[in-house]
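Have a look at the structure below before the remarks.
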Amino acid sequence: MTESRIGQKMKAYCSSCKGERNCDIHGHYAESDDDGLVQWYRDWYLLVCRGCEHVFAQSVSTDSESRVPYYAVNGEVEYEHEETIVMWPARAKRDRPQWFDGNLIDSKKSTHQLDASLLELYGALDNDLNVLASIGMRTSFDIAAENLGVDPGLTFQQKITDLLSRGAIKPSEKDHIDILVDAGSASAHRGWKPRIAELNTLMEILEGFIFNNFVLPEREQAKADEIAKIKAKVPAKAAKPKSKTKAKPAAKP
Numbered sequence: 001m002t003e004s005r006i007g008q009k010m011k012a013y014c015s016s017c018k019g020e021r022n023c024d025i026h027g028h029y030a031e032s033d034d035d036g037l038v039q040w041y042r043d044w045y046l047l048v049c050r051g052c053e054h055v056f057a058q059s060v061s062t063d064s065e066s067r068v069p070y071y072a073v074n075g076e077v078e079y080e081h082e083e084t085i086v087m088w089p090a091r092a093k094r095d096r097p098q099w100f101d102g103n104l105i106d107s108k109k110s111t112h113q114l115d116a117s118l119l120e121l122y123g124a125l126d127n128d129l130n131v132l133a134s135i136g137m138r139t140s141f142d143i144a145a146e147n148l149g150v151d152p153g154l155t156f157q158q159k160i161t162d163l164l165s166r167g168a169i170k171p172s173e174k175d176h177i178d179i180l181v182d183a184g185s186a187s188a189h190r191g192w193k194p195r196i197a198e199l200n201t202l203m204e205i206l207e208g209f210i211f212n213n214f215v216l217p218e219r220e221q222a223k224a225d226e227i228a229k230i231k232a233k234v235p236a237k238a239a240k241p242k243s244k245t246k247a248k249p250a251a252k253p
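The following block contains the structure:
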């Protein structure tokens with residue numbers, strides 16, 4: 001039976017700190033089996049980050065055939081087992097924007113539905129659910145458009161046209177939004193499975209649209225209000241005294 005490692009520490013990636021950290025092992029279970037040819041091993045851990053106290057689970061798996069060569073200090077070739085690490089909650093594939101800190105959009109508008117949609121969308125990205133993530137982007141855009149006053153009964157193209165007329169989308173951004181929506185439709189109806197790099201590009205479009213319409217206007221208004229307060233406190237320039245003009249002496253006859 002494998003010796004328990006509870007109470008020991010190990011290096012692991014902390015999603016909260018976003019880096020390798022020393023973690024305390026609060027739970028450990030080891031299992032192994034074979035089919036007569038290949039033997040496999042898996043260790044399960046319940047970990048607590050020593051830096052931020054983030055709690056997460058992790059499994060480390062390998063087998064007798066998954067070995068990679070490397071050169072030892074003495075120059076000889078040795079082998080080590082190649083490990084597969086899986087984490088719960090899953091390791092973030094894309095950092096949340098600063099304005100979505102705490103899983104809420106930094107906006108005074110009512111964005112509860114949009115907050116929930118984005119939370120599920122980032123979860124799909126983290127767990128490699130690429131098709132669902134692509135569909136979720138289209139859904140999040142749809143909810144955002146409705147929050148901006150667009151009629152939910154319109155088609156996507158009609159919604160984009162409406163947003164364009166309102167100034168919520170710039171003419172230079174229309175093609176990007178078209179691609180975002182069509183990508184979601186392709187995943188939902190045409191079996192398209194995007195790669196993570198493609199999803200990241202689409203997320204930049206969606207995040208930019210949300211930031212420009214829900215976050216930026218309020219920040220600019222807050223900045224303008226602060227500038228107005230400062231302007232009211234700045235002393236006005238003192239009026240310059242008018243210079244006295246001396247009368248010119250009359251010309252001699």
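So the sequence shown is numbered by full-length UniProt numbering: it starts at 1 and just counts up by one. In this text, a Cβ means the ideal position worked out from N, Cα and C, and glycines have one as well.
Grouping DSSP H, G and I as helix and E and B as strand, with all else coil, what is residue i?
i      : result
Glu78  : strand
Gln58  : strand
Ala239 : coil
Gln179 : Note on residue identity: the sequence assigns Ile, not Gln, to residue 179. Helix at Ile179.
Leu37  : coil
Glu53  : coil
Arg21  : strand
Glu3   : coil
Arg195 : coil
Pro89  : coil
Ser16  : coil
Val215 : helix
By Cβ distance below 7 Å, which residues in the same chain neighbour residue i in space, the five residues on each side in sequence not counted?
i      : result
Ala188 : Ile135
Trp88  : Phe56, Ala57
Ala145 : Lys159, Leu163
Asn103 : Asp115, Leu119
Ala197 : none
Glu31  : Arg42
Sort out for me which residues DSSP pairs residue i with in a bridge.
i     : result
Pro69 : Tyr79
His28 : Tyr45
Asp84 : The amino acid at residue 84 is misidentified as Asp; the sequence shows Thr. Thr84 is bridged to Ser61.
Lys11 : Asn22
Since residue i and residue j are thought to touch, with beta carbons under 8 Å apart, how far apart are those beta carbons, to the nearest angstrom?
i      : j      : result
Pro194 : Asn130 : 5 Å
Leu199 : Ala133 : 6 Å
Tyr41  : Asp63  : 7 Å
Val86  : Ser59  : 5 Å
Within its chain, find whatever has a CB closer than 6 Å to the CB of residue i; leave out the 5 residues flanking it on each side and keep chain order.
i      : result
Glu207 : Pro97
Ile160 : Ile177
Arg138 : Val181, Gly184
Val150 : Lys159, Asp162
Gly51  : Cys17, Arg21
Who are the near neighbours of residue i in its chain, counting only those whose CB is closer than 8 Å to its CB and skipping five residues on each side?
i           : result
residue 289 : The chain is shown from 1 up to 253; residue 289 falls before or after that span and cannot be answered.
Asp175      : none
Ala186      : Ser134, Trp192
Arg67       : Tyr79, Glu80, His81, Glu82
Ile105      : Trp99, Thr111, Leu114, Asp115, Leu118, Ile210, Phe214, Val215
Start-end ranges of the alpha helix (DSSP H) lying completely within the segment 94-169, minimum 4 residues: With a minimum length of 4 residues, the continuous alpha helix (DSSP H) runs that stay inside the segment 94-169 are 112-126, 130-147, 156-166.
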